[in-house]
Amino acid sequence: MEETNFNIMDCALIAIATGEKAQNLRELGDYLKNTHQGCLYYHFWGAHLHSHFDDLEFQNDFAIWTSRKLNDSKISEQLSLIDPNIYKDMEELRTEVIEIIEQQLYELEYVPWAKRGQEFHFIRSQIVIFDTGVFVNDPKDLLKRIPEMSIGSIFYHFIDSRRRLPDNRNDFSVWLDRFRNKYTGLIKDLDMIDPYFTTLNELRQDINTVFINYFEGGTA
Amino acid sequence: MKNLLEQYASIVGDVVIDHIRQLAAPLKGMKILHINSTKEGGGVAEILNRLIPLKRELGIDAEWEIITGEKDFYQCTKKMHNSLQGNRDEISDTLYSVYEKTNLRNFERLKTKLEQADVVFIHDPQPAALLYHCKDRKGKWLWRCHIDVSHPYRPVWKYLREYIKDYDASIWSVSTFVQPLSHPMYLIPPSIDPLSEKNIVLSEKEISAFFDSWKINRSFPVISQVSRFDRFKDPIGVIQSYRLVKKYIPVQLVLAGGGASDDPEGGQVLKEIKTFANHDPDIHILELPPDAHRAINALQRGSDIIIQKSLKEGFGLTVTEGLWKGKPVIAGDTGGITLQVINHFNGFRVNTPEGAALRIRYLLKHPEIMETMGKNARQFVLDNYLITRHLREYLTLVVALLYGSEEKIELNLPAR
């Protein structure tokens with residue numbers, strides 16, 4: 000059935016500096032009010048597709064900077080706990096980040112500063128999306144396809160999907176919904192995967208494990 | 000014989016190469032021209048040496064040309080380089096005039112190619128003024144900056160900015176290097192080529208032969224720094240670190256430098272290093288020709304620790320090379336090194352000769368930590384800094400430039 004085909008897409012990201020840089024916490028908040036919406040996306044999600052060190056301690060660039068360069072562990076912990084999945088859109092996410100920063104500024108007696116050369120540089124991205132030409136019409140075929148997917152495909156179907164689809168969902172689950180109630184357990188397990196505290200390689204592995212467990216009882 | 004892309008697939012995997020092929024599909028047949036100022040020596044030439052054949056294999060009509068000049072031209076561009084990295088190196092009007100005339104002369108020589116190219120990549124300040132002369136250009140022009148321009152000497156940047164502002168976009172290695180401009184400023188870190196002579200796997204026999212030929216005794220630790228003989232690389236600071244370590248642990252230092260044809264200061268700096276080394280038999284100063292890639296490979300593979308104590312650095316490809324060889328790297332806390340060396344993960348970033356000495360002593364005392372860091376180092380480069388990632392980002396950038404400025408660009412490609 001044509002309508003049940005799952006087209007495997009791929010994407011590649013290129014980072015763009017906006018030229019905005021914050022030297023202290025107040026400037027970070029101020030820039031965030033007006034900066035390109037794509038900056039929020041990049042600093043929470045997009046950096047996964049750009050060369051970087053997977054920081055094990057903090058989950059987004061704002062948290063890393065406030066910890067490492069402003070030495071403010073309180074705000075970095077608060078920023079790190081923001082789960083971008085739960086916000087309706089980037090504007091809601093922006094409001095939350097600004098709120099946390101402003102609350103901290105209200106409580107502090109001084110504004111924490113970074114040294115020269117350690118400013119926060121705002122980055123946004125452009126994403127090129129392309130069709131790989133590969134599609135599956137039987138969910139079981141994804142067992143073979145997922146390990147072969149590029150990290151760009153994983154990003155597109157599991158992370159970028161959250162901006163395209165209602166309720167922050169992933170493309171696999173939405174596609175499986177079309178099979179009526181046939182794959183309810185699989186959908187539930189996929190929806191349970193938290194894409195935030197992981198690398199794209201690990202995410203691919205997590206998705207693969209869910210498919211293996213469902214179709215092969217975890218024996219493969 | 001495998002083609003180039005197949006050879007890379009054996010290192011990075013088929014998935015990565017497939018991804019690149021698909022991204023390149025809409026660019027087939029396009030004329031992409033790269034211009035820099037030297038075919039030998041330095042990271043830019045090394046990258047272009049492999050990027051061009053890779054692009055051609057993907058069906059892109061890629062070419063690489065260099066601009067040429069007299070001694071005064073290189074003196075001027077070296078001063079520009081120093082000034083952009085923060086040194087107050089005044090440039091006389093006479094030298095500026097040489098710069099402009101040399102660019103004009105090169106434009107006239109390359110006119111047809113420059114006018115007809117779909118995309119022109121201009122690398123670094125040397126050929127930056129070519130755009131000014133190319134009034135009938137057809138394609139998009141990008142200025143690719145490989146150096147650290149985070150705190151430039153303002154008068155020189157101001158001069159150069161007049162040429163650069165008219166480009167369609169610029170490309171920077173690290174966000175901290177970016178100077179505000181009104182066009183899109185893309186971020187693409189450079190890369191190393193795992194299949195090049197400098198990075199391919201060597202036999203232990205070949206590595207030993209190299210050390211024997213330079214009479215370097217590997218029975219006690221070898222620390223090496225590979226870089227141009229340049230003050231920004233702080234070779235004197237490296238010798239100071241070595242002397243601080245040697246009080247506690249027998250150690251040897253190798254300073255290996257290859258000249259680049261566009262660097263007129265190398266000889267003077269080499270003289271200063273030799274004077275400071277003062278005939279210490281455990282300091283080996285290796286003057287290598289620009290094409291001594293295999294020798295550098297052997298040196299890095301046979302060393303215990305790689306050092307790159309730069310005071311200013313563009314990206315620091317010698318750091319990437321050292322990491323790729325599974326070695327912990329102790330490097331200056333500057334420029335692109337901050338993206339590559341993560342404290343306690345794959346090496347240490349340092350700010351002083353004392354800091355470097357402390358970390359060298361620590362690592363030599365903990366070989367098991369050195370081994371873990373070495374493994375992390377190699378994997379980190381595999382994930383982030385190989386030429387396949389660089390190629391992917393260049394292709395993404397060209398697609399993005401040609402297809403619009405939206406945040407998301409959807410290509411309607413025919414199925415494979």
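Chains as they are written, first to last, in numbering that gives the first Met the number 0: chain X, 0 to 219; chain W, 0 to 415. Positions of the beta carbon are idealized from the N, C-alpha and C atoms, including for glycine. All values derive from a computational prediction rather than experimental measurement.
Three-state secondary structure assigned by DSSP to residue i
| i | result |
| --- | --- |
| G256 (chain W) | strand |
| D60 (chain W) | strand |
| W44 (chain X) | coil |
| E19 (chain X) | strand |
| S169 (chain W) | strand |
| M0 (chain X) | Residue placement at M0 (chain X) is flagged as unreliable, the pLDDT there being 43, under the threshold of 50; the coordinate-derived value follows with that caveat. Correct three-state label for M0 (chain X): coil. |
| V209 (chain X) | helix |
| W112 (chain X) | strand |
| K78 (chain W) | helix |
| R123 (chain X) | strand |
| L80 (chain X) | coil |
| N418 (chain W) | This structure cannot settle anything about residue 418 (chain W), because the visible part of chain W is limited to 0 through 415. |
| F129 (chain X) | strand |
| G325 (chain W) | coil |
| Q239 (chain W) | helix |
| T41 (chain W) | First, the residue type needs correcting, since residue 41 (chain W) is Gly and not Thr in the sequence shown. DSSP places G41 (chain W) in coil when its eight states are reduced to three. |
| F228 (chain W) | coil |
| V135 (chain X) | strand |
Span of the alpha helix (DSSP H), counted from its first residue to its last, around residue i
| i | result |
| --- | --- |
| D193 (chain X) | Where D193 (chain X) is concerned, there is no enclosing alpha helix (DSSP H), given that its DSSP letter is neither H nor E. |
| D17 (chain W) | 13-23 |
| G354 (chain W) | 352-364 |
| G315 (chain W) | First-last for G315 (chain W): undefined, no H or E at that position. |
| H132 (chain W) | 129-132 |
Span of the beta strand (DSSP E), counted from its first residue to its last, around residue i
| i | result |
| --- | --- |
| T93 (chain W) | Note, T93 (chain W): premise wrong, no beta strand (DSSP E); alpha helix (DSSP H) at 92-115. |
| M184 (chain W) | 184-186 |
| K139 (chain W) | 139-144 |
| K204 (chain W) | Segment 203-212 is the alpha helix (DSSP H) holding K204 (chain W); no beta strand (DSSP E) there. |
| V225 (chain W) | 221-225 |
| L32 (chain W) | 30-35 |
| G68 (chain W) | Run containing G68 (chain W): none; DSSP gives neither H nor E here. |
| G346 (chain W) | 346-349 |
| Q117 (chain X) | Per DSSP, Q117 (chain X) belongs to no beta strand (DSSP E) and is neither H nor E. |
| K407 (chain W) | 407-410 |
| E286 (chain W) | 282-287 |
| V119 (chain W) | 118-122 |
Contacts around residue i, its chain only, beta-carbon distance under 7 Å, and the 5 residues preceding and following it disregarded
| i | result |
| --- | --- |
| E1 (chain X) | Only weak support exists for where E1 (chain X) lies, its pLDDT of 45 falling under 50; the coordinates are left without a value. |
| N200 (chain X) | I150 |
| V15 (chain W) | T387 |
| E205 (chain W) | A297 |
| E64 (chain W) | L32, I34, L109, K112 |
Pair within 8 Å by beta-carbon distance, residue i and residue j
| i | j | result |
| --- | --- | --- |
| R123 (chain X) | H51 (chain X) | no |
| S423 (chain W) | A355 (chain W) | Beyond the ends of chain W as shown, which are 0 and 415, falls residue 423 (chain W); an answer cannot be given. |
| W213 (chain W) | L269 (chain W) | no |
| D60 (chain W) | G28 (chain W) | yes |
| F338 (chain W) | V225 (chain W) | According to the sequence provided, residue 338 (chain W) is Leu. The question's Phe does not apply to it. No. |
| E39 (chain W) | D229 (chain W) | no |
| K308 (chain W) | V250 (chain W) | no |
| L287 (chain W) | A276 (chain W) | no |
| N59 (chain X) | P111 (chain X) | no |
| R360 (chain W) | Y247 (chain W) | yes |
| F157 (chain X) | N167 (chain X) | no |
| I282 (chain W) | I238 (chain W) | yes |
Nonlocal neighbours in the same chain, by C-beta distance under 6 Å from residue i, ignoring five residues either side
| i | result |
| --- | --- |
| T131 (chain X) | I7, D9 |
| D205 (chain X) | I192 |
| A219 (chain X) | Summary for A219 (chain X): the model assigns pLDDT 44, below 50, so the residue's position carries little reliability, and this model does not support an answer. |
| P413 (chain W) | Residue confidence for P413 (chain W) is low, a pLDDT of 47 falling below 50, so the modelled location carries little weight and cannot support an answer. |
| V133 (chain X) | I7 |
| D190 (chain X) | S172 |
| A11 (chain X) | V127, G151 |
| Y98 (chain W) | C75 |
| I186 (chain X) | S172, L175 |
| G58 (chain W) | K27 |
Own chain residues within Cβ distance below 8 Å of residue i, not counting five before or after
| i | result |
| --- | --- |
| R415 (chain W) | With a pLDDT of 37 at R415 (chain W), under the threshold of 50, the modelled position of that residue is not reliable, and the figure given next carries that caveat. Closer than 8 Å at the Cβ level, and outside the excluded window around R415 (chain W), lie Q21. |
Residues from the region 118-129 of chain X in contact with chain W, defined by Cβ distance under 9 Å: E118, H120, F121, I122, R123, S124, Q125, I126, V127, I128, F129
Compile a chain-ordered list of the residues in the region 130-141 of chain X whose CB is closer than 7 Å to at least one CB of chain W. D130, T131, G132
Positions along the region 138-153 of chain W whose CB lies within less than 7 Å of some CB in chain X: S149
To be precise: take each residue of the region 174-185 of chain X, compare its Cβ to all Cβ atoms of chain W, and keep it if any distance is under 7 Å. Which residues remain? none
If you measure beta-carbon to beta-carbon, which residues of the region 359-385 of chain W are closer than 9 Å to chain X? F379, D382, N383, Y384
Against chain X: residues of the region 383-409 of chain W by CB proximity under 7 Å: N383, Y384, R388, R391, E392, T395, L396, V398, A399, E406, K407, I408, E409
Residues in the region 75-106 of chain X having any Cβ partner in chain W nearer than 9 Å: none
Mind checking the region 32-48 of chain W against chain X and listing, in chain order, the residues whose C-beta falls within less than 7 Å of any C-beta there? none
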